[in-house]
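The block underneath contains the structure these notes are about, expressed in structure tokens.
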Amino acid sequence: MAPEILRKEKYGAPADMYTVGVMIWEMWYGKRIYNLPCFESFENISDILELDWASLITLEGFTPPPPIWCKNLEKLLSPTPSERPTASKMEKFLEEETRKRFHYK
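All you need for our numbering is the position in the sequence shown, starting with 1, plus 62.
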């Protein structure tokens, strides 16, 4: 859940992009992000607001995403909605990455 929703603030498309960031992270590592040990000490869901998400982009013992993916994950998981990329920007990024990595035209 995006931080602005937890803070009971008005939210929009950037909250959806936060969720995209969580999903990309989970697909990369094959783990549920909220099952990580750092979440075990949380007494309530609002404790997530204090979490340094940038520290979770790379997971110890796992191959990290390529640097450009890490950069995008940091933006997607930003606690500040205005710092998150739009769906259009992520679509462009994913198209470029697909072309580059799989040699599609």
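Just so you know, even glycine gets a beta-carbon here, dropped at the ideal spot from N, CA and C. Small disclaimer: the values here were computed from a predicted structure and weren't measured.
7 angstroms Cβ shell around Lys162 - same chain, five flanking residues per side excluded | For Lys162, where only same-chain residues beyond five positions count, there are no Cβ hits under 7 angstroms.
Candidates Pro128, Met63, Glu157 and Phe124, of which the one nearest Ser48 by Cα = There is simply no residue 48 to check, as the chain begins at 63 and stops at 167 in what is shown.
Residue closest to Leu111, alpha-carbon to alpha-carbon, out of Glu159, Glu66 and Phe164 = Answer by Cα proximity: Glu66.
Which residues bound the alpha helix (DSSP H) around Ala75?
-> The continuous alpha helix (DSSP H) containing Ala75 extends over residues Ala75 to Tyr91.
Would you tell me roughly how many angstroms separate the C-alpha atoms of Trp87 and Glu105, rounded to the nearest one?
-> A straight-line Cα-Cα distance of about 24 angstroms links Trp87 and Glu105.
Compute the beta-carbon to beta-carbon distance between Met152 and Val82, rounded to the nearest angstrom, for a pair I have assumed lies under 8 angstroms.
-> Taking C-beta atoms under 8 angstroms as the contact rule, Met152 and Val82 qualify, at a distance of about 7 angstroms.
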